[in-house]
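>
In this note's numbering, the protein residues as written are 434 to 1202.
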């Protein structure tokens, strides 16, 4: 196949392909995750004897391997710029040359092309004219790859071994590539080595390369190449022929996987990748097979082959790369640079995000470098095959192996530890970037039209122990969002401030205050997934120290993860908060709220009243969950907060807000899930709550609570006239709650009351009790 190599390394006048790594923005993290996934699945199948692979290389790549360093000789010197542009390819070549992929092959058209080039060695193959010229080439290669006498010391000096091991990790891949480039002085010697060692397998019968049985498929492939590269019809013909034979081998494998091998082509060409992508738009099954339901490509780039040689399934890196694979969607906003849209308005934040992305990519490269030393230098004893010129730079003795191995393992554990931190940080940054992409819709849906309304009161933020005096800018920030015009270009300044505050680690008081304020905005905008991501790595000490943040996190967590795992984590949050502040009414309000959410996540009943599902309700009242989440949870802590505040005269509006909210919760939780005996005790509390209706501290949710209270009285009453009266009172309160206005999230809760009223009318008054 024809390639546009910057080195012009096989002197072809018709080069048109651009190297895959040259001038194309490869998403390293995405590629590593995908490549590792393929390697993991296929290695598992190979271990079970269910899959055999054959690796195919383009004739262009084999010619480069056969030439080694001379592939980058421009007639005057070693072209280091051309080499650097193809470092990734040379890494794969070096691994293949060392035999780490076992046997490599060429597709029939490629082998014919390779043989034809051998007939024109003066044009396509170069070699040093004599020993001195080869030694000069060695010096140029070593100098340009950084081995100019200042590299790794010839023998490890144990007092400085940690530094030297780090040096080996940093230089190991370059050392390996340099050795590959200089193995054998001539191309003929390199080719002989590849054939004698059975690394390169040549097919004795390739005349069938020109046979085309499926003419329609061949011309489908050729037409795509003609569109991509209209000026090179001959090259297009041979490239199409090669891909045709690759697909033919794949079809044979698909027809009988037990008998046939799976062909995998090393794709070092961006143009081939482009052609295959276009063909797969026409027919997605071309050049792919399936493991389960997932399509797996058979054309693979450098990263796959590097991971294939370096990683072993079951080793210490597996957990990290599985996490990376599982987190692809969670980090796509960061690794895909979606944050660049904010550059004009928030360049500092964009630079921070870009730094996080680059740091993570660098850490993944570090893992590969350490694993390379572990697998290639130590396990495969690559140091034993060093050319003389490199032995002068680096020598590893057998007696040093145990020490080196232990040090490399320690280095790997450390880089994996930091990589996991980088992964979590990337998840957080991506969540922030994605979380506010549709901010205008979010403002409309979750904040509604609230200018002038008390945000703390409207959203009952006292359930998180929040104090407006500690968050003085929150009200202004929400008003700024509500009054932001959609027509205004860019993200609202208030949201940019929130994004910036969420990006910091709340490790001191000022940062913690900024983070809490921003997290509250995220809650108001219903960013539950974002909150979970940002707080997921909080340790117990973090939860104990920042109880307001912990309560918001707990509420978001159980709202999004209403399963056993979510319940366990929410209970852990509750325990942490109570262990630190067990005598704080603000904590009691929040804990009671979380326990009630735990109960609603566990109960199989709709959020109705006990009398609407009596048999099921009676069974659930006997459960451990009911005792833990209702009796010793929601109702207990609501009463604790109420009792404390009742005994303290409300000194100001803020204290009165908290008192009324606590009073409301006692009535609400007891009405919704308390026994009839406990419910019967609520009458004086209800009268007290109703007495505050004209106060400015009154909240719409209080009408909702009263509506449920009177509906339950309706269901319990034996007197038909009283039933009607209580039902009417319930409807009046429902109407008042909706008429007062509330954010959509609150109105959704109020509508549950309306549905329950409709149920009562249908099942009691129409059918008779």
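Glycine included, every Cβ here is placed at the ideal spot set by N, Cα and C.
Would residue 964 and residue 989 qualify as a contact pair, given that the criterion is a beta-carbon distance under 8 Å?
Counting from one through the chain shown, the residue named residue 964 turns up at place 531. Counting from one through the chain shown, the residue named residue 989 turns up at place 556. Yes, Cβ-Cβ distance for residue 964 and residue 989 is below 8 Å.
> Should residue 598 go down as buried or exposed, given a rule of 16 or more other Cβ atoms within 10 Å for buried?
Position 165 of the chain shown, counted from the first residue, corresponds to residue 598. Buried, because 16 or more other Cβ atoms sit within 10 Å of the Cβ of residue 598.
> Contact between the stretch 541–548 and the stretch 748–763: three or more CB pairs below 8 Å?
Counting Cβ pairs under 8 Å, fewer than three are found: no touch.
> Could you give the residue range of the beta strand (DSSP E) that holds residue 697?
In the chain shown, residue 697 corresponds to position 264, counting from 1. Its beta strand (DSSP E) spans residues 695–699.
> Please state whether DSSP places residue 760 in a helix, a strand or coil.
The residue given as residue 760 occupies position 327 in the chain shown. Residue 760 falls in the coil class under three-state DSSP.
> State the Cα-Cα distance for the pair residue 1133 and residue 775, rounded to the nearest angstrom.
Residue 1133 sits at position 700 when you count from the first residue of the chain shown. Residue 775 sits at position 342 when you count from the first residue of the chain shown. Residue 1133 and residue 775: Cα-Cα distance of roughly 38 Å.
> Which of the three DSSP states, helix, strand or coil, is assigned to residue 1176?
Here residue 1176 is taken as the residue at index 743 of the chain shown, counted from 1. Of the three classes helix, strand and coil, the one that applies to residue 1176 here is coil, per DSSP.
> When DSSP builds the beta bridges, which residues end up paired with residue 538?
Translated into positions along the chain shown, residue 538 becomes position 105. In the DSSP output, where bridge partners are listed per residue, residue 538 has 489.
> Along the chain, where does the alpha helix (DSSP H) containing residue 1000 start, and where does it finish?
Residue 1000 sits at position 567 when you count from the first residue of the chain shown. From DSSP, the alpha helix (DSSP H) with residue 1000 extends over 997–1013.
> Quick one: residues in its chain with C-beta nearer than 7 Å to the C-beta of residue 1024, no 5 flanking neighbours on either side, listed in chain order?
Numbered from 1 along the chain shown, position 591 holds the residue referred to as residue 1024. Counting only Cβ-Cβ distances below 7 Å, and skipping sequence neighbours, we find 1007, 1010, 1011 and 1070.
> Bridge partners of residue 511, per DSSP?
Start at 1 with the first residue of the chain shown, and residue 511 comes out as number 78. Paired residues: 506.
> Using a Cβ-Cβ cut-off of 8 Å (strictly less than) and excluding sequence neighbours within five positions of residue 970, which residues of its own chain qualify?
The residue given as residue 970 occupies position 537 in the chain shown. Excluding residues within five positions, the ones whose Cβ falls inside 8 Å are 857.
> I need the DSSP call for residue 702, collapsed to helix, strand or coil.
Taking the first residue of the chain shown as 1, we reach residue 702 at position 269. Strand.
> Would you give the residue range spanned by the alpha helix (DSSP H) that residue 939 belongs to?
Taking the first residue of the chain shown as 1, we reach residue 939 at position 506. Counting along the chain, residue 939 falls outside any alpha helix (DSSP H), and DSSP gives it neither H nor E.
> In three-state terms, what does DSSP make of residue 733?
As a position in the chain shown, residue 733 is number 300, starting the count at 1. It is a strand residue.
> If you draw a straight line from the alpha carbon of residue 707 to that of residue 699, how long is it in whole angstroms?
Counted from its first residue, the chain shown places residue 707 at position 274. Counted from its first residue, the chain shown places residue 699 at position 266. When rounded, the distance between both Cα atoms is 14 Å.
> With a threshold of 6 Å on Cβ separation, who are the neighbours of residue 805 within its own chain once the five nearest residues in sequence on each side are excluded?
Here the question's residue 805 lines up with position 372 in the chain shown. If we look at residue 805 and ignore the five residues flanking it on each side, its Cβ neighbours are 605, 606 and 743.
> Output the boundary residues of the alpha helix (DSSP H) element that contains residue 886.
For the purposes of this step, residue 886 is identified with residue 453 of the chain shown, where counting begins at 1. Looking at the DSSP string, residue 886 is not in any alpha helix (DSSP H), and its letter there is neither H nor E.
> Measuring straight from C-alpha to C-alpha, what distance separates residue 748 and residue 1099?
The residue labelled residue 748 in the question sits at position 315 within the chain shown. The residue labelled residue 1099 in the question sits at position 666 within the chain shown. In a straight line, the C-alpha of residue 748 is about 54 Å away from that of residue 1099.
> Nearest-angstrom Cα distance between residue 391 and residue 1016?
In the structure displayed, the chain extends from 434 to 1202; residue 391 sits before or after that span and is not available.
> So, for residue 898: in the same chain, excluding its five sequence neighbours on each side, which residues have a beta-carbon less than 8 Å away from its beta-carbon?
On the chain shown, residue 898 is found 465 positions in, with the first residue counted as 1. Excluding residues within five positions, the ones whose Cβ falls inside 8 Å are 980, 981, 984, 1017, 1019, 1020, 1022 and 1023.
> In whole angstroms, give me the CA-to-CA distance for residue 595 and residue 773.
Position 162 of the chain shown, counted from the first residue, corresponds to residue 595. Position 340 of the chain shown, counted from the first residue, corresponds to residue 773. Between residue 595 and residue 773, the C-alpha separation is close to 39 Å.
> Leaving out the 5 sequence neighbours to the left and right, which residues in its chain are closer than 6 Å to residue 976 when beta-carbon positions are compared?
Along the chain shown, one-based indexing puts residue 976 at 543. Once the five neighbours on either side are set aside, the close Cβ partners of residue 976 are 983, 1006 and 1009.
> Take every Cβ of the stretch 525–540, pair it with every Cβ of the stretch 572–582, and state whether three or more of those distances are shorter than 8 Å.
Judged by Cβ distances under 8 Å, the stretch 525–540 makes no contact with the stretch 572–582, as fewer than three pairs qualify.
> So residue 722 is in the beta strand (DSSP E); what residue range does that whole segment cover?
Here residue 722 corresponds to residue number 289 of the chain shown, with the count starting at 1. Taken as a continuous stretch (DSSP letters only), the beta strand (DSSP E) holding residue 722 covers 721–724.
> Buried or exposed, going by whether 16 or more other CB atoms sit within 10 Å of the CB of residue 1191?
Taking the chain shown and counting its residues from 1, the one referred to as residue 1191 is at position 758. So residue 1191 ends up on the exposed side.
> Under 8 Å by Cβ, that's how I've got residue 501 and residue 623 pegged, so tell me the actual separation to the nearest angstrom.
On the chain shown, residue 501 is found 68 positions in, with the first residue counted as 1. On the chain shown, residue 623 is found 190 positions in, with the first residue counted as 1. About 6 Å separates the two Cβ atoms, so the contact holds.
> Residue 431 to residue 736, Cα distance in whole Å?
Residue 431 lies beyond the stretch modelled for the chain, which goes from 434 to 1202, so this question has no answer here.
> With DSSP as the reference, label residue 633 as helix, strand or coil.
Along the chain shown, read from residue 1 onward, the residue named residue 633 stands at position 200. It is a strand residue.
> Taking 8 Å as the cut-off, decide whether the C-beta atoms of residue 726 and residue 522 are in contact.
For the purposes of this step, residue 726 is taken as residue 293 along the chain shown, with counting starting at 1. For the purposes of this step, residue 522 is taken as residue 89 along the chain shown, with counting starting at 1. Taking 8 Å as the Cβ cut-off, residue 726 and residue 522 do not qualify as a contacting pair.
> At which residues does the alpha helix (DSSP H) containing residue 692 begin and terminate?
Your numbering for residue 692 matches position 259 in the chain shown. First-last for residue 692: undefined, no H or E at that position.
> Could you give the distance in angstroms between the alpha-carbon of residue 998 and the alpha-carbon of residue 848?
To locate residue 998, count along the chain shown from 1; it is residue 565. To locate residue 848, count along the chain shown from 1; it is residue 415. Going by the C-alpha atoms only, they are around 29 Å apart.
> Pull the bridge partners of residue 728 from the DSSP assignment, please.
Position 295 of the chain shown holds residue 728. Answer is 723, bridged to residue 728.
> Can you name, in chain order, every residue of its own chain whose Cβ lies under 6 Å from the Cβ of residue 486, other than the five neighbours on each side?
Residue mapping note: residue 486 aligns to position 53 of the chain shown, counting from 1. Answer for residue 486: 695 and 697, listed in chain order.
> So, do the stretch 708–725 and the stretch 505–514 have three or more beta carbon pairs nearer to each other than 8 Å?
Flag = no, the stretch 708–725 and the stretch 505–514 do not touch.
> Could you check how far apart the C-beta atoms of residue 1096 and residue 1121 are, in whole angstroms? I think they sit under 8 Å.
On the chain shown, position 663 is the one that residue 1096 refers to. On the chain shown, position 688 is the one that residue 1121 refers to. Yes, they are in contact, since the Cβ atoms of residue 1096 and residue 1121 sit about 7 Å apart, within 8 Å.
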